[in-house]
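Data block below; observations after.
Protein chains in written order, with my numbering: chain X, -18 to 327; chain R, 43 to 285.
Below is the structure:
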């Protein structure tokens, strides 16, 4: 069985969903009640791949909402409690979705392996980052030509280049895709220099300098709400892949020749009878989902019960190949720009 | 350069480790004062539990031996927690604890006299045990080394007790659901109000009210799930803790 740990995108949405599901006790509660609410296994789901193999899974809502980011201890408990529940339910491989893996990583929750009378078995969990990184790379490779960008001649900026996903994308783009120039943007200089050395190339630059130069921008760090992007200074055409969480780039840039694509999203070939993806505001919630969630399904389909994506900077090209092959084989395709979807699929 | 979310949220996400889970100073007067009440509640709770299991044995004579065993364990716990207080040089405020347990105690006695086994089991083996388990889990994280060791041993036993009531209710769920719901409606709010009463003292011991409530809800929900209640039924029951 595979598992997905997710959460609502806002407190308001969370309450509405809880009401719909009949969880009146928390639906009516204020944020304090939600801070004390246990994780909920809200849905069981069966997924069948194109060759007819079926797997079963469960969706666990951690009862975390982004409004809790200001409450450090609460956020930590939400993640650990949801993981404990997944393990107690005997789920083989569970993906940490949305803020779950960000909290896990940034709060270094590895040091909290003992939850009550449970010792968390890390091999039962995956951040799903390998699949996310692979999907974003494929989204770039598929969609750039369709808007008139030749990647061999293109400058590609990776914003958040030193993160787990960002560094994997940089590796892929420099070795597999072979872009003309890679612009490396991140907050801290030391990891940037290390990444540059590892890649044997790439130019370290600031966001302000990178944006007017880039033919394509891959965002794997979300923007602060206050960040403003002057669309007139972007290149035409310019492809922007919004791979951060939460995805809020489309509200910030628009203009002729600027194409924004939600990054790290996949579509399954068939409808999945679940209701929880509506929470993630997917356009086609019966088929579309975060690539990190899909990774748990892929690992279950492939009987690969291991923490496939774990820790920082462990994503190799070989791992991306493995998960990419599994993705295609099991009926997933990447989300593409709307007008070009048909052409790209062909 | 590029950050995620609001700056306050970023600052939080960037917060380094080590600032959490600091232990309180066990030697201060304020700690000892709060401990005198918390410790008394725990001691009284274990004593009540002993008495309650013995009483439940009179309602199901065929189980009396097993229940005696559980009761004896509770007395052992009581001694352990008494030692924890002594170790810190604290005198437990037993009159406070008696008053603290009185409403739940009275409800249990009433159910016992009326022969309402389901209500008795819900009060003792589900609500009180889940309350104890949750509080002990939170306490273990911030306890002094001596008390930590004692409490870790106790928690293991308490799961057995929770399990006992759970199994009986599970086996008899068809006949007892209505009484269970009714008893829950009356007694769960008492647990909530007990939690509110100790919140201030607990926070001196570095035990958050929010965390205590969450731990309780986890143990309570687990127990009801094990008994075979579905999500909606559990949500309806848990509502009594909220409103």
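Backbone N, C-alpha and C define an ideal beta-carbon position, used for all residues, glycine too.
Nearest residue (CA-CA) to residue i, options the options
{"i": "residue 77(R)", "options": "190(R), 121(R), 135(R), 200(R)", "result": "135(R)"}
{"i": "residue -10(X)", "options": "88(X), 193(X), 47(X), 184(X)", "result": "47(X)"}
{"i": "residue 69(R)", "options": "127(R), 205(R), 118(R), 143(R)", "result": "127(R)"}
{"i": "residue 308(X)", "options": "265(X), 318(X), 234(X), 119(X)", "result": "119(X)"}
{"i": "residue 294(X)", "options": "198(X), 62(X), 15(X), 175(X)", "result": "175(X)"}
{"i": "residue 133(X)", "options": "93(X), 159(X), 296(X), 292(X)", "result": "159(X)"}
{"i": "residue 267(X)", "options": "278(X), 157(X), 275(X), 254(X)", "result": "254(X)"}
{"i": "residue 138(X)", "options": "154(X), 21(X), 128(X)", "result": "154(X)"}
{"i": "residue 190(X)", "options": "140(X), 14(X), 22(X)", "result": "140(X)"}
{"i": "residue 76(X)", "options": "1(X), -17(X), 70(X), 53(X)", "result": "-17(X)"}
{"i": "residue 86(X)", "options": "98(X), 61(X), 194(X)", "result": "61(X)"}
{"i": "residue 359(X)", "options": "166(X), 179(X), 111(X), 198(X)", "result": "Residue 359(X) cannot be examined here, being either before or after the span of chain X that is shown, -18 to 327."}
{"i": "residue 15(X)", "options": "43(X), 78(X), 90(X), 22(X)", "result": "43(X)"}
{"i": "residue 269(X)", "options": "4(X), 303(X), 288(X), 243(X)", "result": "243(X)"}
{"i": "residue 204(R)", "options": "278(R), 173(R), 100(R), 226(R)", "result": "173(R)"}
{"i": "residue 256(X)", "options": "18(X), 22(X), 5(X)", "result": "22(X)"}
{"i": "residue 126(X)", "options": "218(X), 223(X), 303(X), 104(X)", "result": "218(X)"}
{"i": "residue 218(R)", "options": "80(R), 256(R), 239(R), 271(R)", "result": "271(R)"}
{"i": "residue 240(X)", "options": "317(X), 74(X), 100(X)", "result": "317(X)"}
{"i": "residue 328(X)", "options": "124(X), 121(X), 53(X)", "result": "Because chain X is modelled from -18 through 327, residue 328(X) falls outside the range shown and cannot be assessed."}
{"i": "residue 245(X)", "options": "226(X), -1(X), 68(X)", "result": "226(X)"}
{"i": "residue 263(X)", "options": "279(X), 284(X), 228(X), 122(X)", "result": "228(X)"}
Within chain R, partners of residue i - CB distance below 7 Å
{"i": "residue 97(X)", "result": "179"}
{"i": "residue 218(X)", "result": "What residue 218(X) touches in chain R: nothing, since even the nearest Cβ is about 22 Å away."}
{"i": "residue 55(X)", "result": "252"}
{"i": "residue 71(X)", "result": "Neighbours of residue 71(X) on chain R: none; closest Cβ ~14 Å, over 7 Å."}
{"i": "residue 58(X)", "result": "253, 256"}
Nonlocal neighbours in the same chain, by C-beta distance under 6 Å from residue i, ignoring five residues either side
{"i": "residue 122(R)", "result": "192"}
{"i": "residue 45(X)", "result": "-12, 59"}
{"i": "residue 25(X)", "result": "39"}
{"i": "residue 98(R)", "result": "109, 162"}
{"i": "residue 43(R)", "result": "Unreliable positioning characterises residue 43(R) in this predicted model, as indicated by a pLDDT of 28, which lies under 50. A coordinate reading is not provided."}
{"i": "residue 47(R)", "result": "Summary for residue 47(R): the model assigns pLDDT 43, below 50, so the residue's position carries little reliability; its value from the coordinates is reported in the next sentence. Same-chain partners within the cutoff: there are none."}
{"i": "residue 232(R)", "result": "145, 146"}
{"i": "residue -5(X)", "result": "-11, 46"}
{"i": "residue 60(R)", "result": "For residue 60(R), the pLDDT reaches just 39, beneath the cut-off of 50, and the residue's location in the model is therefore unreliable, although a value from the coordinates is still provided. Closer than 6 Å at Cβ, skipping near neighbours: no residue."}
{"i": "residue 168(X)", "result": "none"}
{"i": "residue 314(X)", "result": "248"}
{"i": "residue 89(R)", "result": "120"}
Where residue i meets chain R, residues with beta-carbon distance less than 9 Å
{"i": "residue 40(X)", "result": "Those within 9 Å of residue 40(X) in chain R number zero; the least Cβ separation is about 12 Å."}
{"i": "residue 194(X)", "result": "The premise fails here: residue 194(X) is roughly 15 Å from chain R at the closest Cβ pair, so nothing lies under 9 Å."}
Contact list for residue i against chain R, beta-carbon separation under 8 Å
{"i": "residue 62(X)", "result": "256, 260"}
{"i": "residue 13(X)", "result": "252"}
Neighbourhood of residue i by C-beta, 8 Å cutoff - its chain only, sequence neighbours within 5 removed
{"i": "residue 269(R)", "result": "208, 211, 212, 215"}
{"i": "residue 281(R)", "result": "none"}
{"i": "residue 182(X)", "result": "155, 163"}
{"i": "residue 216(X)", "result": "193, 194, 195, 196, 238"}
{"i": "residue 54(R)", "result": "In this prediction, residue 54(R) has a pLDDT of 46, which is less than 50 and means its spatial position is unreliable; what the coordinates show is noted afterwards. Result list for residue 54(R): empty, nothing under 8 Å."}
{"i": "residue 109(X)", "result": "76, 77, 78, 82, 271, 272, 273, 274, 275, 276, 277, 290"}
{"i": "residue 296(X)", "result": "110, 111, 114, 145, 146, 148, 149, 152, 290"}
Contacting residues, own chain, Cβ-Cβ under 7 Å from residue i (five flanking each side not counted)
{"i": "residue 148(X)", "result": "142, 176, 294"}
{"i": "residue 185(R)", "result": "193"}
{"i": "residue 177(R)", "result": "254"}
Cross-chain neighbours of residue i in chain X, by beta carbon under 8 Å
{"i": "residue 240(R)", "result": "Residues of chain X passing the Cβ test: none, with the nearest at roughly 15 Å."}
{"i": "residue 288(R)", "result": "The question about residue 288(R) has no answer here: the residues shown for chain R are numbered 43 through 285."}
{"i": "residue 234(R)", "result": "Ordered by position in chain X, no residue passes the 8 Å Cβ test against residue 234(R), which lies about 10 Å from the chain."}
Listed by chain order, chain X residues near residue i by CB distance under 7 Å
{"i": "residue 246(R)", "result": "Under the 7 Å cutoff, chain X gives no residues; its nearest Cβ is about 17 Å from residue 246(R)."}
{"i": "residue 277(R)", "result": "3, 4, 5, 6"}
{"i": "residue 281(R)", "result": "5, 6"}
{"i": "residue 274(R)", "result": "3"}
Proximal residues of chain X, C-beta to C-beta of residue i below 9 Å
{"i": "residue 183(R)", "result": "Within chain X, no residue comes near residue 183(R); the closest Cβ sits about 10 Å away, beyond 9 Å."}
Exercise for the section: Starting from the N-terminal side, write out each stretch of the alpha helix (DSSP H) that is 4 residues or longer and does not extend beyond the region 16 to 89 of chain X. Expected result: 53 to 69, 80 to 87
Exercise for the section: Closer than 7 Å, Cβ to Cβ, to anything on chain X: give me those residues from the region 253 to 272 of chain R, in chain order. Expected result: 253, 255, 256, 259, 260, 263
Problem - Secondary structure, beta strand (DSSP E): runs of 3+ residues fully inside the region 170 to 216 of chain X - result: 197 to 200
Handout entry: Interfacial residues, the region 189 to 223 of chain R to chain X, with Cβ spacing under 8 Å
Key = 197, 198, 201
Practice task
Return the chain-ordered ranges of every alpha helix (DSSP H) run that is complete within the region 244 to 275 of chain X and spans a minimum of 4 residues.
Solution key: none
Handout entry: Secondary structure, alpha helix (DSSP H): runs of 4+ residues fully inside the region 57 to 132 of chain R
Key = 71 to 101, 106 to 129
Handout entry: Members of the region 125 to 159 of chain X near chain R, C-beta cut-off 8 Å
Key = 140, 141
Problem - Short-range partners of chain R found in the region 0 to 12 of chain X, where Cβ spacing is below 8 Å - result: 2, 3, 4, 5, 6, 7, 9, 10
Exercise for the section: Could you run through the region 67 to 101 of chain R and flag, in chain order, every residue whose CB is less than 8 Å away from some CB of chain X? Expected result: none
Exercise for the section: Note down, in chain order, all residues in the region 16 to 39 of chain X with a beta-carbon under 9 Å from any beta-carbon belonging to chain R. Expected result: 16, 17, 18, 19, 20, 21, 22, 23
Practice task
List in chain order: all unbroken alpha helix (DSSP H) runs of 4+ residues lying wholly within the region 155 to 239 of chain R.
Solution key: 159 to 163, 171 to 182, 187 to 213
Practice task
Please go through the region 105 to 174 of chain X and give each complete beta strand (DSSP E) segment of 3 or more residues, from N-terminal end onward.
Solution key: 136 to 140, 162 to 166
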